[in-house]
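>
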Ligand code: ADP
Ligand code: MG
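Residue numbers (UniProt numbering): 416 to 675.
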């Protein structure tokens, strides 16, 4: 029935690096409108999964299918990162990757460039179309900064923002893609408690705005507070899946963490 269908379906994803199976045949099903946690000890394959989902790695075998509402299901595996981004899958990286010398506003504008189609002639000649698109882009970028609580920092260079704000700006830049699915790789890493509280509220706001989220996170309180469902990886295998509380109490999960 409508609404119960997965937005993202991963079937038997295998990612082999030489003799190492970073993903050893993983199935994953993410429901639309949810925050889906992806947890597991270091080296369990979480970032590799993100890289497979976003086309940075081409899986050795298996499929990734996106079923955005109203459009036909689309295979993502084998596509390039930019094709996948334009299909509505945006991400942030485990380490901050901003344009450090650009302002917060400019960083979001970079994320928006896909939405504006002026030609090189429009750009060189400064045509009315170009000027109109620039105005629209700035309005949208400011709306995103406002949503992220960063509007007052629009003109600050990324490198001069406090670390917690840099992490939020990265998420804002990803939102500029107007994604249906947002992948966050350890967004709370290195943040202070107040920053984590801000981040948590914003991730919830993003989900409530209708964007499905896959969240890789080590802070268990963040995972517990946010995730509708959690999948647990260990050595490239999915060892548990379910509600956050259910998974946290699973002996296999406890053992995987203690053994790490
Ligand atoms: P996690 O994000 O869960 O900490 P990763 O997905 O980064 O784990 O890594 C899973 C395993 O795959 C690790 O053993 C890691 O060393 C290996 N791995 C990841 N990327 C590569 C790569 N490009 N080449 C070789 N091995 C890799
Ligand atoms: Mg990782």
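Even glycine gets a Cβ: it sits at the ideal position worked out from N, Cα and C.
Using a 10 Å radius around the Cβ and a threshold of 16 neighbouring Cβ atoms, would you call residue 469 buried or exposed?
Here residue 469 is taken as the residue at index 54 of the chain shown, counted from 1. Buried, by the Cβ-count rule.
> Given a threshold of 16 other Cβ atoms within 10 Å of its Cβ, counted over all protein chains shown, does residue 580 qualify as buried or as exposed?
Within the chain shown, the letter at position 165 stands for residue 580. The residue is buried, with at least 16 neighbouring Cβ atoms inside 10 Å.
> Could you tell me the distance, in whole angstroms, from the CA atom of residue 546 to the CA atom of residue 569?
Here the question's residue 546 lines up with position 131 in the chain shown. Here the question's residue 569 lines up with position 154 in the chain shown. Distance between the alpha carbons of residue 546 and residue 569 is about 20 Å.
> Report yes if the C-beta distance between residue 661 and residue 574 is below 8 Å; otherwise report no.
As a first step, residue 661 is located in the chain shown; it is residue number 246 there, counting from the start. As a first step, residue 574 is located in the chain shown; it is residue number 159 there, counting from the start. In this structure, residue 574 does not lie closer than 8 Å to residue 661 by Cβ.
> Can you tell me whether residue 507 is buried or exposed? The criterion is at least 16 other CB atoms within 10 Å of its CB, across all chains shown.
The residue given as residue 507 occupies position 92 in the chain shown. Buried.
> Could you have a look at residue 516 and say whether DSSP puts it in helix, strand or coil?
Within the chain shown, numbered from 1, the residue matching residue 516 stands at position 101. Coil at residue 516, not helix or strand.
> Alpha carbon to alpha carbon, how far is residue 647 from residue 475? Give it in angstroms, no decimals.
Residue numbering aside, residue 475 sits at position 60 when the chain shown is read from its first letter. Residue numbering aside, residue 647 sits at position 232 when the chain shown is read from its first letter. Distance between the alpha carbons of residue 475 and residue 647: 21 Å.
> With DSSP collapsed to three states, give me the class of residue 688.
Within the shown structure, residues of the chain are numbered from 416 to 675, placing residue 688 beyond reach of any answer.
> Using the Cα positions of residue 625 and residue 425, report the straight-line distance between them to the nearest angstrom.
Within the chain shown, the letter at position 210 stands for residue 625. Within the chain shown, the letter at position 10 stands for residue 425. Computed Cα separation, rounded: 21 Å.
> Exposed or buried, which one is residue 497 when buried takes at least 16 other CB atoms within 10 Å?
The residue labelled residue 497 in the question sits at position 82 within the chain shown. Around the beta carbon of residue 497, fewer than 16 other beta carbons lie within 10 angstroms, which makes this residue exposed.
> Leaving out five residues on either side along the sequence, give the residues of the same chain with a beta carbon under 8 Å from the beta carbon of residue 417.
For this step, residue 417 is matched to residue 2 along the chain shown. Interpretation of residue 417 is limited by its pLDDT of 47, a score under 50 that renders its predicted location unreliable; no figure is taken from the coordinates.
> Taking all protein chains shown into account, do 16 or more other C-beta atoms lie within 10 angstroms of the C-beta of residue 501, making it buried, or fewer, making it exposed?
Counting from 1 along the chain shown, the entry for residue 501 is found at position 86. Here residue 501 is exposed. Its C-beta has fewer than 16 other C-beta atoms within 10 Å.
> Could you name the residues of the same chain whose beta carbon sits closer than 7 Å to that of residue 601, not counting the 5 residues immediately before and after it, in chain order?
Residue mapping note: residue 601 aligns to position 186 of the chain shown, counting from 1. Counting only Cβ-Cβ distances below 7 Å, and skipping sequence neighbours, we find 509, 631, 632 and 633.
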